[in-house]
Amino acid sequence: MIEVPHSLTLGARVPMWLPELSKKAMTYTAEEATFTTHTAFIDLSKENKDAGFEFIVGSVYHGWSATHRLGISTPFRGDASERCRPKHVHTAYGHTAGSLAVQWMTKEFCGEGTAQIQMIEGYHARIETEGPNMTPVVAWANSTLFEDDGEKQSKRWLHVVRLNGLKVDTRYTYVVGNAHYASWSIPYVTKTGPAPFVLGENPKVIRFLITGDIGYQNAAALPMMQAEVAEGVVDGVVSVGDYAYDLNMMNGHVGDIFMQELEPIAASVPFMVCPGNHEMHNMFSHYSHRFRLMPNNENEGLQTVHVGGRSKNAKLEEVPNNWFYSFDVGLVHFAIISTEIYFKKTFDVDGNLKVRQEAWLESDLAKANKNRKQTPWLVVIGHRPMYCTSDDTNCGVKAAFLRDKFEDKFFVHGVDLYLCGHQHNYERAFDVYKSQTWKRTRNMRATTHILTGASGQYLTSIMRKSFEKPSAIWDAFRNSIFGYSRMEIVNATHLHWQQIEADLENPAARGKFGQVVDDVWLVQEKHGAFASVEAAAETTLR
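Counting in numbering that gives the first Met the number 0, the sequence shown runs from 0 upward without gaps.
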């Protein structure tokens, strides 16, 4: 045991030092790594029994942590500052590298003040929200009432701020809340996207975590993902759909728990989403509202969709379109699509949704394909797979239906990757078109399909989806162990993909927890449209 100069600072409304009864530090080594744990004991018996506390830890030598809450004191549950406390803070990329969106929820409208965000550049343990050094308000929120259609018709106020003109590739510390009620979130640090790529310059390496099909009761991959985000080595997270199981359950309470679980990740890095089949309740109302902050389409007629109207308590509402949209980050153009509108009955208030999405995707991919010098990598995200070997239903007729809708578009416009989930396992294919493959990971001749839906599904029990069919000719790797994926864009030609095992309680995965179980470099030196469909049919395939 050794003593080190680390401290814990507790404060009520005014930051102050409280004497430590004792503190200790222990250093130990495990698996060739050295760790030090610090423990401090504070006497609060003489403090105001009704006070709520926040704390930071660290030292003047090594820096300070962000602010954390010491629970919620019972006497404060009826206080306005608690009722207006921001929850479910999460961020998303905007339409440009210098733009971000932030969203949070309050249980009440808190109409005496206006929801806002305060932000300063760099890392900070706290942001002063009162007094002469008050941080200027960056933006006011657009607040919307979301009323669940369940038995209790529970209400949530959702607040969205869209920030433009920020410095690119820059970390910002921010708080969200309401000045009138002195009700603020803890400070979070997030980061804007890299500057657009310029030929002749070294590109910024971008690292994403890819997740999908993750429940609130069995969020197996969440702790390891959170640890990576906390290390500051992750630029963003992309989800391929299915959240909480389900967001609307128990009058939305399940969704509330899940969004709070997600906050340490999603408040720190942009968390980009795609709708899955478990979001379909009441026309995807919970998904559409809880993730209103996505960079919805700027194209006329595609900015919004309609949700609700599926029960006597549910009115039809117009909401921002986060069902199909696109955005750029560094060297990557992402296009999000909804596979669910082909399998779930949806309203066509604004015209046929399927036709609208397909026309939009054709236009978006064509535009992206012409911009390959800036965004050479073209990635499409959808929930359901087009190639898989889990079962005959999802991997048979339904997968074939999606291939018929999208595969030619991907081929003609040179989509490098299609990422999906739905099946609760992991399966990576080679480049494949019309069920045939060149088995390439270098200068691929068709789209590479990767199914990553094993982040921790739970319905009535924990389920690891087995493979009912033998591996296909286009299969490169598959397993049914819980985990998540890393996607690192190194430069215009090299993409590094890994699958991380996160199945601590699975005997079949014993000894593999946290290990990379699939590792591949995808190298594409000839980005752009693959050979024409007619020519490809005549090409000799394996």
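Note that CB positions come from ideal geometry on N, CA and C, so glycine has one too.
DSSP state of residue i mapped onto helix, strand, coil
i: Leu208; result: strand
i: Lys408; result: helix
i: Cys273; result: coil
i: Arg402; result: helix
i: Gln152; result: coil
i: Arg82; result: helix
i: Met258; result: helix
i: Gln102; result: strand
i: Leu377; result: strand
i: Ile264; result: helix
i: Val414; result: coil
i: Leu165; result: coil
i: Trp359; result: helix
i: His288; result: helix
i: Glu107; result: coil
i: Tyr386; result: coil
i: Glu339; result: helix
Own chain, CB closer than 8 Å to residue i, minus 5 neighbours either side, in chain order
i: Lys166; result: Gly97, Glu120 and Thr191
i: Ala138; result: Gln115, Ile116, Val160, Arg161 and Leu162
Straight-line Cα distance separating residue j from residue i
i: Thr172; j: Thr90; result: 13 Å
i: Pro74; j: Lys23; result: Because Pro74 carries a pLDDT of 35, less than 50, the predicted location of this residue cannot be relied on, and no value is offered for it.
i: Leu208; j: Gly149; result: 33 Å
i: Ile116; j: Val174; result: 6 Å
i: Ala475; j: Glu426; result: 8 Å
i: Ile340; j: Val228; result: 32 Å
i: Ala491; j: Met249; result: 46 Å
i: Lys106; j: Leu494; result: 43 Å
i: Trp437; j: Asn276; result: 32 Å
i: Val237; j: Lys45; result: 47 Å
i: Met104; j: His305; result: 21 Å
i: Asn298; j: His94; result: 12 Å
i: Asn321; j: Thr338; result: 13 Å
i: Val414; j: Asn368; result: 9 Å
i: Ile335; j: Ala39; result: 47 Å
i: Gly130; j: Ala178; result: Reliability of the predicted coordinates at Gly130 is poor, the pLDDT of 47 falling under 50, and the value obtained from them is presented with this limitation in mind. Their backbone Cα atoms lie some 12 Å apart in a straight line.
i: Leu261; j: Ser142; result: 21 Å
i: Pro469; j: Cys394; result: 12 Å
i: Gly308; j: Arg355; result: 21 Å
i: Trp156; j: Glu146; result: 9 Å
i: Thr440; j: Asp255; result: 41 Å
i: His412; j: Ala428; result: 19 Å
i: Ala218; j: Tyr242; result: 10 Å
i: Glu504; j: Lys511; result: 11 Å
i: Ser362; j: Ala124; result: 45 Å
i: Phe333; j: Phe405; result: 15 Å
i: Met293; j: Phe283; result: 15 Å
i: Glu200; j: Val519; result: 26 Å
i: Tyr386; j: Ala398; result: 6 Å
Identity of the residues DSSP links to residue i by a beta bridge
i: Gly482; result: Glu500
i: Val431; result: Thr436
i: Ile521; result: The sequence shown places Leu at residue 521, not Ile. In DSSP, Leu521 forms a bridge with Leu494.
i: Pro294; result: Its beta-bridge partners do not exist; DSSP assigns none.
i: Tyr566; result: Residue coverage of the chain in this structure runs from 0 to 541, which leaves residue 566 outside it and unanswerable.
i: Lys190; result: Arg170
i: Cys419; result: Leu450
i: Asp327; result: His332
i: Asn141; result: Val159
i: Asp474; result: Ala428
i: Ser182; result: Asn177
i: Gly542; result: Because the chain here runs from 0 to 541, residue 542 falls outside it and cannot be looked at.
Residue-level contact to chain E via CB, residue i, 9 Å cutoff
i: Phe323; result: The structure shown has no chain E; it contains just one protein chain.
Residues of its chain near residue i, where Cβ-Cβ distance is below 7 Å and the 5 sequence neighbours each way are ignored
i: Ala220; result: Thr210, Ile213, Ser454, Gly455, Phe481, Gly482, Tyr483 and Ala501
i: Ala471; result: Thr388
i: Pro195; result: Ala96 and Gln373
i: Asn295; result: Gln302, Pro319, Asn320, Asn321 and Tyr324
i: Pro193; result: Ala96, Val167, Asp168, Lys203, Ile205 and Gly329
i: Asp245; result: Val253, His277 and His280
i: Val489; result: Val204 and His495
Beta-carbon contacts of residue i that lie in its chain and below 6 Å, excluding the five residues immediately before and after
i: Ser80; result: Tyr180, Ala181 and Ser182
i: Val265; result: This sequence places Ala at residue 265; Val is not what is there. Hits under 6 Å: His89.
i: Leu416; result: Val378 and Thr447
i: Gly235; result: Phe207, Val268 and Pro269
i: His526; result: Arg371 and Pro375
i: Met258; result: His87
i: Arg84; result: Ser182
i: Gly251; result: Asp147 and Ser153
i: Val233; result: Arg206, Leu208, Glu227 and Val268
Runs of alpha helix (DSSP H) lying entirely within the region 216-250, each at least 4 residues, in chain order: 221-229
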